Amino acid sequence: GVTAFTYCFSRHKQQIGMTQMYWFVAFIIVSLFHHGILLADGSSIGARHSYSLTTFDPSGNLDQVGRAVRASMLGAPVVALSIPPSSETTVTAPDSDSESRSTPPEEGIYMCIPLRFLGTNSPLIIDDGTPRIVPISSSICICHTGVGADGRALCDIAVSLALDYRYVYGEEISLEELLGTLAEKVQEMTMKAGTRPYGCALLVACLGNGNVGGDNEGREANMYRIDPSGSVELLNASDMLDAENERRSTVAFLGKWNSKKEQDLRSQIGSQQYMNEQQVQDALISAVEENGDSTPTQSTPSEGKGDQTFLYASFTRKGGLRISRVTRTTREDDVAPSTSI
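Residue numbers (the numbering used here): 1058 to 1398.
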């Protein structure tokens, strides 16, 4: 009797074990199909790598870094214009009278970015608390777009680097030191466990080292971009010359821009001759408006509901970094007076 009972129990146990094994194998197969491992095309084969910072998918991409780059391209559109040094001191307007002579814009970098207040149009809100353009030294400033909190954190790191460098060496931080150290900080977040990449892009504007000699070598204003992967790219090349063999103005775009309009805006802004800084401001604001991404930011009873507020910044050797708030009044089709901040 005992032998028969033992035999029946062992057979029943084997059947239970085989059933559990079948269910386990079925679960594994369903999981593989769910994650796209068994699919023939490579479009979904990297799903299991999508949340890993340090693991390349089979196509050679880092998915999280790619998503961070896309996040930086969804930020507020930033347009920057680099104007090279010019030997001209005055420009005569078509009216040709004493009041129409104006000073051309100084050599430097001019930037424009629309202000966004998280979908609210309350007249009590004049800023969102995040500085968009931050001075680093007398010749370097940084503008960011993308995830605002990430940009603010990176700007704080850049300011700390500049202060520490000045404390240790007694001089302002060099461009090479700032770009190298800041890019290294950004790249660290692409391979550190328990973190994510920065979801913003930085525009680093530099006026050059200021060495005045027989030519303008070393004085040209340059713009650099640091993306979430930590790579650094020069946005304006020094060998861009116009028909008269002189350096031409260059334009840089960051954030969310219409790819179909970007090339036209680049050639339009870069080839235009500016008689004064007001024309530079109008051209940059018009470019942001033509992009079609800036939305009404705030309105008051005295302003139209379609008013748009922009941050306009001029970064020159003579005037330093000057930031002003400009309100484009669409109701009356003019621009309200700007307010320096």
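A virtual CB, placed ideally from N, CA and C, is assigned to each residue, including glycine. The model shown is predicted, which means the values in this text are computed figures rather than measured ones.
Buried or exposed: where does residue i fall if 16 or more other Cβ atoms within 10 Å of its Cβ makes it buried?
i: residue 1225; result: exposed
i: residue 1059; result: Low per-residue confidence applies at residue 1059: pLDDT is 45, beneath 50, and the placement is therefore not dependable enough to give any value.
i: residue 1380; result: buried
i: residue 1164; result: buried
i: residue 1280; result: buried
i: residue 1245; result: exposed
i: residue 1132; result: buried
i: residue 1166; result: buried
i: residue 1237; result: exposed
i: residue 1328; result: exposed
i: residue 1348; result: buried
i: residue 1187; result: exposed
i: residue 1384; result: buried
i: residue 1040; result: Absent from the structure is residue 1040, since the part of the chain shown begins at 1058 and ends at 1398.
Tell me the rounded alpha-carbon separation between residue i and residue j.
i: residue 1326; j: residue 1084; result: 60 Å
i: residue 1318; j: residue 1220; result: 40 Å
i: residue 1366; j: residue 1192; result: 21 Å
i: residue 1255; j: residue 1292; result: 20 Å
i: residue 1212; j: residue 1331; result: 31 Å
i: residue 1376; j: residue 1264; result: 12 Å
i: residue 1125; j: residue 1233; result: 25 Å
i: residue 1101; j: residue 1129; result: Any reading at residue 1101 needs caution, since the residue's pLDDT is 46, under 50, leaving its predicted position unreliable; the model's value is listed next. Cα-Cα distance, rounded: 24 Å.
i: residue 1171; j: residue 1309; result: 15 Å
i: residue 1345; j: residue 1205; result: 19 Å
i: residue 1337; j: residue 1169; result: 10 Å
i: residue 1339; j: residue 1231; result: 32 Å
i: residue 1401; j: residue 1289; result: Only positions 1058 to 1398 of the chain appear in this structure, which leaves residue 1401 out of reach.
i: residue 1374; j: residue 1114; result: 47 Å
i: residue 1323; j: residue 1315; result: 12 Å
i: residue 1320; j: residue 1252; result: 36 Å
i: residue 1208; j: residue 1378; result: 19 Å
i: residue 1189; j: residue 1080; result: 56 Å
i: residue 1262; j: residue 1215; result: 13 Å
i: residue 1117; j: residue 1250; result: 20 Å
i: residue 1112; j: residue 1284; result: 19 Å
i: residue 1364; j: residue 1341; result: 17 Å
i: residue 1235; j: residue 1227; result: 15 Å
i: residue 1368; j: residue 1119; result: 34 Å
i: residue 1222; j: residue 1194; result: 11 Å
i: residue 1343; j: residue 1386; result: 12 Å
i: residue 1382; j: residue 1333; result: 18 Å
Looking at the strands, I want to know which residues DSSP matches up with residue i.
i: residue 1282; result: 1260, 1290
i: residue 1165; result: 1140, 1373
i: residue 1135; result: 1311
i: residue 1379; result: 1371
i: residue 1112; result: In DSSP, residue 1112 forms no bridge with anything.
i: residue 1170; result: 1368
Would you say the beta carbon of residue i comes nearer than 8 Å to a heavy atom of the ligand ADP?
i: residue 1327; result: Of the ligands one can find in the structure shown there are none, so the ligand ADP has no counterpart to examine.
Which residue from the options puts its Cα closest to that of residue i?
i: residue 1198; options: 1364, 1204, 1218; result: 1218
i: residue 1282; options: 1311, 1111, 1141; result: 1311
i: residue 1127; options: 1328, 1313, 1347; result: 1313
i: residue 1335; options: 1161, 1253, 1121; result: 1161
i: residue 1203; options: 1385, 1235, 1134, 1122; result: 1134
i: residue 1122; options: 1248, 1227, 1215; result: 1248
i: residue 1139; options: 1386, 1384, 1370; result: 1370
i: residue 999; options: 1306, 1364, 1333, 1386; result: Since the displayed the chain opens at 1058 and closes at 1398, residue 999 lies outside it and no answer follows.
i: residue 1201; options: 1216, 1258, 1187; result: 1258
i: residue 1142; options: 1196, 1278, 1384, 1210; result: 1278
i: residue 1243; options: 1112, 1286, 1343, 1250; result: 1286
i: residue 1196; options: 1222, 1229, 1343, 1210; result: 1229
i: residue 1372; options: 1260, 1386, 1222, 1120; result: 1260
Problem - Contained beta strand (DSSP E) runs [length at least 3] in the stretch 1190-1270, N- to C-terminal order - result: 1190-1192, 1197-1203, 1257-1263
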